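A.B. asks: Here you go, one structure.
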Amino acid sequence: MSKLKGEQEPTKQSALCIVIPKENELCEILDLNNKEDEKNGFDHIQNIRQKYDKSFSKWEPHMNLLYPFVHKKFFFKAKRLIEQMLINNELNHAFEVTLPAHDAFCKTFSKFVLSTPKEEKQLEHFQKLYKLLREIFPQCKATGQLTEEKNNKDEHTFEPHLTLGQITNSAMNLNNDAKELKEIQQLWRGIKFQVVELVFLWRESQEDPFHITETIPLVNPQHDEEFEN
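For the sequence shown, my numbering gives the first residue as 2, with consecutive numbering after it.
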């Protein structure tokens with residue numbers, strides 16, 4: 002498999018990710034019992050993030066695949082390599098992601114409140130996609146990467162996640178009793194959404210907000226049928 006490495010060092014001005022879709026038909030709220038007037042999944046996430054996420058103005062709601070990522074000047078080549086990898090491995094189709102209601106957590110000594118998929122099939126899809134992306138971009142990784150040592154070798158796994166906010170005191174999450182975490186868990190109604198594209202983000206400096214620069218569409222001929230089931 003072709004690689005993009007060497008002088009193409011990763012930068013925090015760039016990310017390869019999944020952006021949560023804004024369309025109602027692509028992003029549904031799972032728990033509709035508590036607040037019937039809020040039915041748009043994207044808006045639901047943003048209502049939480051606006052209060053709890055300090056990066057609200059810099060990032061769209063997203064799940065990073067590779068961050069930091071390569072510089073914008075390499076996007077054209079990177080896009081072609083990813084497109085070919087997706088086709089070769091039959092991953093060029095849209096897929097569904099479910100983030101359960103009220104299931105939000107902080108890792109030990111971390112201030113970030115996260116929600117992650119729980120369904121085994123979805124997690125396997127993410128792991129396969131991440132492994133193949135790392136083969137193309139060995140110099141890049143994701144903020145959700147976990148490293149385990151097995152047989153004297155570092156083995157990388159990937160924990161896909163959506164950031165919902167931060168807590169004030171990262172030490173408090175040892176017992177999951179941080180005030181902000183409990184509030185977010187109560188508010189978080191979960192979403193089910195369709196991943197219909199991979200997104201290249203770019204910003205001119207780390208103080209600027211990210212903007213979508215390139216996308217890789219994923220084919221989804223049965224999208225309507227899947228969402229009605």
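Think of the CB as a built atom: it goes at the ideal place given N, C-alpha and C, for glycine as much as any other residue. Values in this document were obtained by computation on a predicted structure and should not be read as measured data.
1. Classify I88: buried if its beta carbon has 16 or more other beta carbons within 10 angstroms, exposed otherwise.
2. Quick check: does the Cβ of I88 come within less than 7 Å of any heavy atom belonging to the ligand ADP?
3. Spatial neighbours of P210 within its chain, please: CB distance less than 7 Å, with the 5 preceding and 5 following residues excluded, ordered by chain position.
4. For the 8 Å Cβ check, are there 3 or more pairs between the region 75-87 and the region 124-141?
5. Excluding sequence positions up to five away, which residues of its chain have a Cβ less than 7 Å from the Cβ of D54?
6. Let me check understanding here. Comparing Cα to Cα, which of F201, H103 and Q207 lies closest to K183?
7. Give me the residue from C107, G191, F96 and Q128 with the minimum Cα distance to V220.
8. Quick one: using the 10 Å Cβ neighbour count with 16 as the cut-off for buried, is I213 buried or exposed?
9. With F211 as the anchor, note down where its beta strand (DSSP E) starts and where it stops.
10. Between C141 and V71, which are expected to be in contact by the criterion C-beta below 8 Å, what is the C-beta distance as a whole number of angstroms?
C.D. replies: Quick look at the numbers:
1. By the 10 Å Cβ count, I88 comes out exposed.
2. With respect to the ligand ADP, the structure shown offers nothing to examine, as it has no ligands at all.
3. Only S58, K59 and R204 meet the Cβ criterion.
4. Counting Cβ pairs under 8 Å, three or more are found: they touch.
5. Apart from the 5 residues on each side of it in sequence, D54 sits with its Cβ closer than 7 Å to the Cβ of T164, L165, G166 and Q167 in its chain, given in chain order.
6. Ranked by Cα distance from K183, the first of F201, H103 and Q207 is H103.
7. Per the C-alpha coordinates, the member of C107, G191, F96 and Q128 positioned closest to V220 is F96.
8. By the Cβ-count criterion, I213 is exposed, with fewer than 16 other Cβ atoms from all chains shown falling within 10 Å of its own Cβ.
9. For F211, there is no enclosing beta strand (DSSP E), as DSSP gives it neither H nor E.
10. Yes, C141 and V71 are in contact; Cβ-Cβ is about 7 Å, under 8 Å.
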